[in-house]
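In order, the protein sequences belong to chains F and E.
Just so you know, the first sequence maps onto residues 1 to 389 in our numbering.
Just so you know, the second sequence maps onto residues 1001 to 1314 in our numbering.
Heads up, the beta-carbon is just placed ideally off N, CA and C, and yes, glycines get one too.
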Amino acid sequence: MTNMRALTGNEAGAYAIKQIDPDVVPAYPITPQTELMQTFAQYVADGVVQTEMILVESEHSAMSAAVGASAAGARVMSATSANGLALMWEIVYIASSSRLPIVLAVVNRALSGPINIHCDHADSMGCRDAGWIQIYGENPQEVYDNMIQAVRIAENKNVLLPVMTTHDGFIISHTVERVDVLEDDQVKKFVGQYSPRYPLLDTAHPVTYGPLDLQDYYFEHKKQQAEAMKDAKKVILEVGAEYGKLSGRSYGFFDEYQTEDAEYIVIALGSTAGTAKAAVDEMRERGQKVGVIKLRVFRPFPAPELVKAISGAKAVAVLDRSEGFNAVAGPVFSEVRSALYRKSDIPVSAYVYGLGGRDITPEMISGVFADLKSGRLHEEEAFHLGLRE
Amino acid sequence: MALNLKELSKKPELLSPGHRACAGCGSVIAIRQALMAVEGPVVVGFATGCMEVSTTIYPYTSWRIPYIHDAFENAAATISGVETAFRSLKKQGKIKGDMKFIAFGGDGGTYDIGLQSLSGALERGHDFLYICYNNGAYMNTGIQRSSATPFCAATTTSPAGEVVPGKAQFPKDLTAIVAAHHVPYAAQASPHNWRDYIGKVKKALAIEGPTFINVIASCFRGWRTEPTTSIDIVKMAVETCFWPLYEVENGEYKLNYKPKEKLPIEEWIKVQGRFKHLLDEKYKPLREEFQANVDQEWAALLEKTGDQVQKVAV
């Protein structure tokens, strides 16, 4: 049974947290995340959740308190954007290496500087190698669905890694869309009770968190984290399928739209995938065989699955909403082309777009398809789409 | 439990021996004494520093109680997360009983990089005790200057040279800064007066809300003294009134100890290698400036506490 609401991306996120009812939520305001936590704060003020919020004095302390609360044995969620995530960065690594299943909503915003409050993916891409699972959401419905699934994925005993669920700042965070929500008890049952394995608060069984780990063990511990990230793939699919049975909306690593017979495919994250679908619809009407892959799970990166999905195409374009500063292209492009190496020789064309909230339109994406078709490929260096000359 | 050595000697050690701190380390003594005040379940949080690296070298730990080290600047924020988790789970009936929370940080992790985190946790009113083990420099990284380093002390980043006589500034008054948060309890202590110090820890743990103790802890490596004098040297800091023992309880200042005869600061300076350069005749004005500062701070404290000594009631 579902229940239809009109919610912004941030409200959808807050509603998911309300239904999950975590034990502790540390929070600090930052545009465009602020509404998410202030909507949730109202749930706390109204007594509809059990959650204790910690209204910290910085995002660094938000993540630090999240680490403390999670190690103590609490289910912990929080949210941030851009510079807030950058300020957390040091502790983001400590959360994952301590194997704490914290769930963090990242409302994507360009990183300073120059200061800008609008969407790009520089913030979450900046910690793509921090040992967190990353799930990108396209719209308010996915914000809601991903946060609920993230709890189960993070807490799975074969995973025990923190999860970042993201949605595009303003474009999704502040846009009202239809969201089908589950009943409170359905969510409660789906996420279940959290049973931490080594809680600090179990004083009868004292444990030491955060020891000094030198040359003789650090390397092995990093390998264990990497193994957990690999193991997370199976869990992500299981949870996505189980969630599908509950809600009618199943989730995998990525979403394929009109790709079955597609000659040309665009790969994008987040809200741009929706724009690309509109472009595909319009081009399909004109008989063009084009499709979109919306990459949902960026960490762990679903390399073989993605290669399989695109290998029938004649050419692929990757749209990155962050600059790689590596003089080649953005992070999604690097992963995709690396995944294809010696598996397929289809060309991959690199685009960087939408930095600092620069708009992307269906026409621009149609232009990308036109480039692919006519062989105007950007394989050595990304083309900056929508850049003013 | 009565506060006497016979009783204390029967208490189980919560920090087990075998850790890798230096022999004669004043900080270990300060931490061990604090733990003697603990009764019942406790969780300890640590800032990065000497005590953290020397007590938890994986796969070993000296901690017989739950312990968390997160990073350098966030012991207060981290323990506030632990404490909030406890409150949340207790409210939900998922955990029972009472529990205490103590965060430890050195002066670098407290006066400097951790000040914001500490201030935030104090303001939010978490139920925890923060103990700053203050050895007056970044000893873990090799004796660098902190904002707790005494005037004119030579450190590796404020060395005494041909033209610069060590650290140029007086230390910030962190205990007053904490007291300005209007927390229920803030105090200064020294391990040489264990009865006063352990009494303060017991008192702080019994108080609901954020409490703070700034305990002087000698570091013979950084102070350029002998490891055998670790206790004598902090006693001298108190006898010269460089490090007064006092409490601020609900805004009321109480003096816990007054030297019979206030010793000149030179008595403390001259036994530490970090001040060796100051004994040169050309630095007499700096010694006088140091003494004037101690006198002024002491007079200001007496103004707030009154002349009456009030021992810590346990």
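Between the Cα of A313 (chain F) and those of F:R197, F:M229, F:V290, spot the shortest distance and give me the residue it belongs to.
The count along the first sequence starts at 1 and reaches residue 313 (chain F) at position 313. Here the closest residue by C-alpha is F:V290.
Can you tell me whether G1142 (chain E) is buried or exposed, with buried defined as 16 or more other CB within 10 angstroms of its CB?
Counted from its first residue, the second sequence places residue 1142 (chain E) at position 142. Result: exposed.
Could one say the Cβ of A1148 (chain E) lies closer than 8 Å to chain F's Cβ atoms, at least one of them?
If you number the second sequence from 1, residue 1148 (chain E) lands on position 148. No, no contact with chain F.
In chain order, what residues of the same chain lie with their CB nearer than 8 Å to the CB of V1204 (chain E), ignoring the 5 residues before and after it?
The residue you call residue 1204 (chain E) lines up with position 204 of the second sequence. Note that residue 1204 (chain E) is Ala in the sequence shown here, rather than Val. Within the same chain, and ignoring the five residues on either side of A1204 (chain E) in sequence, the residues whose Cβ sits closer than 8 Å to its Cβ are L1129, Y1185, A1187, T1211, F1212, I1213.
Can you give the Cα-Cα distance for P1150 (chain E) and L1174 (chain E), rounded to whole angstroms?
As a first step, residue 1150 (chain E) is located in the second sequence; it is residue number 150 there, counting from the start. As a first step, residue 1174 (chain E) is located in the second sequence; it is residue number 174 there, counting from the start. Between P1150 (chain E) and L1174 (chain E), the C-alpha separation is close to 13 Å.
Along the region 13-37 of chain F, what residues have a CB closer than 7 Å to any CB found in chain E?
So the close ones are D23, V24, P26.
Taking Cβ positions only, does P393 (chain F) come closer than 8 Å to chain E?
As displayed, chain F neither begins before 1 nor continues past 389, which places residue 393 (chain F) out of reach and without an answer.
Please list, in chain order, the chain E residues whose beta carbon lies closer than 8 Å to that of P362 (chain F).
As a working note, residue 362 (chain F) is residue 362 in the first sequence. At a beta-carbon threshold of 8 Å, none of the residues of chain E lie near P362 (chain F); the nearest stands roughly 45 Å away.
Within-8 Å CB hit, T1084 (chain E) to chain F:
Along the second sequence, read from residue 1 onward, the residue named residue 1084 (chain E) stands at position 84. Yes, T1084 (chain E) counts as interfacial toward chain F.
Give the DSSP bridge partners of S349 (chain F), in chain order.
Locating residue 349 (chain F) in the first sequence gives position 349, where the first residue counts as 1. Looking at the DSSP output, S349 (chain F) shares a beta bridge with F:A317.
Keeping to the same chain, check which residues put their C-beta closer than 6 Å to that of T1055 (chain E); ignore five residues upstream and five downstream.
The residue labelled residue 1055 (chain E) in the question sits at position 55 within the second sequence. Excluding residues within five positions, the ones whose Cβ falls inside 6 Å are H1019, S1062.
Sheet register partners of A6 (chain F) (DSSP bridge)
Position 6 of the first sequence, counted from the first residue, corresponds to residue 6 (chain F). BP columns for A6 (chain F) point to F:R178.
Cβ-Cβ distance between A66 (chain F) and L36 (chain F) below 8 Å
Translated into positions along the first sequence, residue 66 (chain F) becomes position 66. Translated into positions along the first sequence, residue 36 (chain F) becomes position 36. No; because the gap between Cβ atoms is not below 8 Å, this pair is not in contact.
Taking buried to mean at least 16 other C-beta atoms within 10 Å of its own C-beta, is L1005 (chain E) buried or exposed?
For the purposes of this step, residue 1005 (chain E) is taken as residue 5 along the second sequence, with counting starting at 1. With fewer than 16 Cβ atoms within 10 Å of its Cβ, L1005 (chain E) is classed as exposed.
Selected residue, minimal CA-CA separation from T208 (chain F), among E:G1024, E:M1036, E:V1053:
Your numbering for residue 208 (chain F) matches position 208 in the first sequence. Selected option, being the one with the closest Cα: E:V1053.
What residues from chain E crowd round Y217 (chain F), counting only those whose CB sits closer than 8 Å?
Within the first sequence, the letter at position 217 stands for residue 217 (chain F). Residues of chain E with a Cβ closer than 8 Å to the Cβ of Y217 (chain F) are, in chain order, Y1058, P1059.
Of all the CB atoms in chain E, is at least one closer than 8 Å to the CB of T203 (chain F)?
Here the question's residue 203 (chain F) lines up with position 203 in the first sequence. Output row for T203 (chain F): interface = yes.
Using alpha carbons as the reference points, say which of F:Y353, F:S64, F:R388 lies closest to G324 (chain F).
One-based indexing of the first sequence puts residue 324 (chain F) at position 324. It is F:Y353.
What did DSSP end up calling Q1188 (chain E) once you bin it into helix, strand or coil?
Working through the second sequence from its first residue, we reach residue 1188 (chain E) at position 188. In this structure, Q1188 (chain E) counts as strand in the three-state DSSP scheme.
In chain order, each alpha helix (DSSP H) run of at least 4 residues that lies wholly inside the region 1063-1135 of chain E
Listed in chain order, they are 1075-1091, 1115-1124.
Once DSSP output is grouped into helix, strand and coil, what is the label at K1172 (chain E)?
Residue numbering aside, residue 1172 (chain E) sits at position 172 when the second sequence is read from its first letter. Residue state, collapsed to three classes: coil.
In this structure, how does DSSP classify H1277 (chain E) when only helix, strand and coil are distinguished?
Position 277 of the second sequence, counted from the start, is the residue given in the question as residue 1277 (chain E). Helix at H1277 (chain E).
Closest by CA to R376 (chain F), which one among F:G330, F:V316, F:P362, F:V328?
Here residue 376 (chain F) refers to the residue found at position 376 of the first sequence. Cα-wise, what sits closest to R376 (chain F) is F:V316.
Answer yes or no: does any C-beta atom of chain A fall closer than 8 Å to that of A1021 (chain E)?
Among the chains of the structure shown, chain A does not appear; the protein chains present are F and E.
Ignore the nearest five residues each way along the sequence and tell me which others in D23 (chain F)'s own chain have a CB closer than 6 Å to its CB.
As a position in the first sequence, residue 23 (chain F) is number 23, starting the count at 1. Correct list, in chain order: A74, R75.
Per-residue burial, A388 (chain F) [other beta carbons within 10 Å of its own, 16 or more giving buried]
For the purposes of this step, residue 388 (chain F) is taken as residue 388 along the first sequence, with counting starting at 1. Residue identity differs from the one stated: residue 388 (chain F) is Arg in this sequence, not Ala. By the neighbour-count rule (16 or more Cβ atoms within 10 Å), R388 (chain F) is not buried but exposed.
Among F:H221, F:D261, F:A16, which residue has its Cα nearest to the Cα of V151 (chain F)?
As a position in the first sequence, residue 151 (chain F) is number 151, starting the count at 1. V151 (chain F) has its Cα closest to that of F:A16, out of F:H221, F:D261, F:A16.
Does the Cβ of T1318 (chain E) have 16 or more other Cβ atoms within 10 Å, making it buried, or fewer, making it exposed?
Residue coverage of chain E in this structure runs from 1001 to 1314, which leaves residue 1318 (chain E) outside it and unanswerable.
Buried or exposed: where does A226 (chain F) fall if 16 or more other Cβ atoms within 10 Å of its Cβ makes it buried?
The residue given as residue 226 (chain F) occupies position 226 in the first sequence. Classification for A226 (chain F): exposed.
May I ask which residues mark the beginning and end of the beta strand (DSSP E) holding N108 (chain F)?
Locating residue 108 (chain F) in the first sequence gives position 108, counting from the first residue. Element bounds for N108 (chain F): 103-108.
Taking the C-alpha atoms as reference points, what is the distance between L1263 (chain E) and A1148 (chain E)?
Along the second sequence, one-based indexing puts residue 1263 (chain E) at 263. Along the second sequence, one-based indexing puts residue 1148 (chain E) at 148. Within the model, the alpha-carbon separation for L1263 (chain E) versus A1148 (chain E) is close to 21 Å.
Among F:V163, F:A276, F:I346, which has the Cα closest to the Cα of A309 (chain F)?
Translated into positions along the first sequence, residue 309 (chain F) becomes position 309. Here the closest residue by C-alpha is F:I346.
Once DSSP output is grouped into helix, strand and coil, what is the label at M77 (chain F)?
Position 77 of the first sequence holds residue 77 (chain F). Judged by DSSP in its simplified three-state form, M77 (chain F) adopts strand.
When the cut-off is 8 Å and only beta carbons count, does T80 (chain F) lie next to chain E?
By one-based count along the first sequence, residue 80 (chain F) stands at place 80. Not closer than 8 Å to any Cβ of chain E, the Cβ of T80 (chain F) fails to qualify, so no.
State the DSSP-derived secondary structure class of G169 (chain F), mapped to helix, strand or coil.
Taking the first sequence and counting its residues from 1, one reaches residue 169 (chain F) at position 169. Here G169 (chain F) sits in coil by DSSP.
Backbone CA spacing between V1309 (chain E) and Y1246 (chain E) [nearest angstrom]:
Taking the first residue of the second sequence as 1, we reach residue 1309 (chain E) at position 309. Taking the first residue of the second sequence as 1, we reach residue 1246 (chain E) at position 246. Near 9 Å, if we compare the C-alpha coordinates of Y1246 (chain E) and V1309 (chain E).
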